[in-house]
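Here UniProt numbering is used: the first residue of the sequence shown is 1, the next is one more, and so on.
I have placed the structure first, in the form of structure tokens, so that the comments after it can refer back to it.
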Amino acid sequence: MKHAITIIRNFRSQALQLFDTYSEEQLNQVPEGFNNNILWNLGHLIASDQQIWYMASNHPLRIDKPFIDTFRRGTKPEQPYDAATIQQVKNFMIQPIDDFVADYNTGMFSEYNTWTPLVGGPVTSLDEAIAFSAFHHGLHASAINRIRKFIG
């Protein structure tokens with residue numbers, strides 16, 4: 001678990017630099033041939049972790065449901081995200097990981113509901129979900145890097 005969390009935390013720490021590197025317009029840009037943008041990819045990772053860590057363990061989400069609904073699987077940016085949403089994504093890059101580690105260390109995660117991602121086999125435990133999350137971050141890191149080639 002520790003190694004996967006380190007991978008996730010390192011990616012998100014590095015991804016915070018994107019907020020300083022790119023303008024609001026660039027973060028919102030959906031290049032031709034793409035369905036999403038940098039902001040959606042980052043928000044999606046945050047939302048997905050909440051769902052596969054907390055919701056699949058029958059615990060309340062640590063992030064408001066409207067945020068989750070905006071970035072969950074199957075969504076895409078319908079319009080540019082406003083400054084408040086951009087700030088929310090930025091604010092949620094690290095703190096939810098710290099909250100999760102604290103919750104994990106209390107032993108509160110005693111059950112887990114199996115689910116199957118679009119890629120790979122069934123995820124049957126929280127530890128498998130954490131490992132999947134590290135893999136998922138890698139997929140979206142690649143997507144973000146491809147998008148970056150097309151935006152200023």
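Think of the CB as a built atom: it goes at the ideal place given N, C-alpha and C, for glycine as much as any other residue.
Shown here, V89 sits in a helix according to DSSP, grouped into three states. As the crow flies, the alpha-carbon of Y81 is around 30 Å from that of D103. For V101, the secondary structure class from DSSP, reduced to helix, strand or coil, is helix. Counting along the chain, A56 sits inside no alpha helix (DSSP H), nor does DSSP assign it H or E at all.
Following the DSSP letters along the chain, one finds W40 inside the alpha helix (DSSP H) bounded by residues 38 to 49. Under the DSSP assignment, F67 falls in the alpha helix (DSSP H) whose first and last residues are 65 to 71. By the C-beta criterion, the region 65 to 75 is judged not to be in contact with the region 12 to 28, since fewer than 3 inter-stretch pairs fall below 8 Å. Taking C-beta atoms as the reference points, H140 and H44 count as a pair closer than 8 Å. Counted as a single uninterrupted DSSP element, the alpha helix (DSSP H) harbouring R148 occupies residues 126 to 148. Boundaries of the alpha helix (DSSP H) harbouring K2: 2 to 15, taken from the DSSP string. Straight through space, the alpha carbons of M108 and A134 are spaced by roughly 21 Å.
Taking all protein chains in view, the Cβ of S13 is surrounded by fewer than 16 other Cβ atoms within 10 Å, so the residue is classified as exposed. A Cβ-Cβ separation of about 10 Å leaves F11 out of contact with H136 under the 8 Å criterion. In this structure the region 28 to 35 touches the region 77 to 94; the number of beta carbon pairs closer than 8 Å is three or more.
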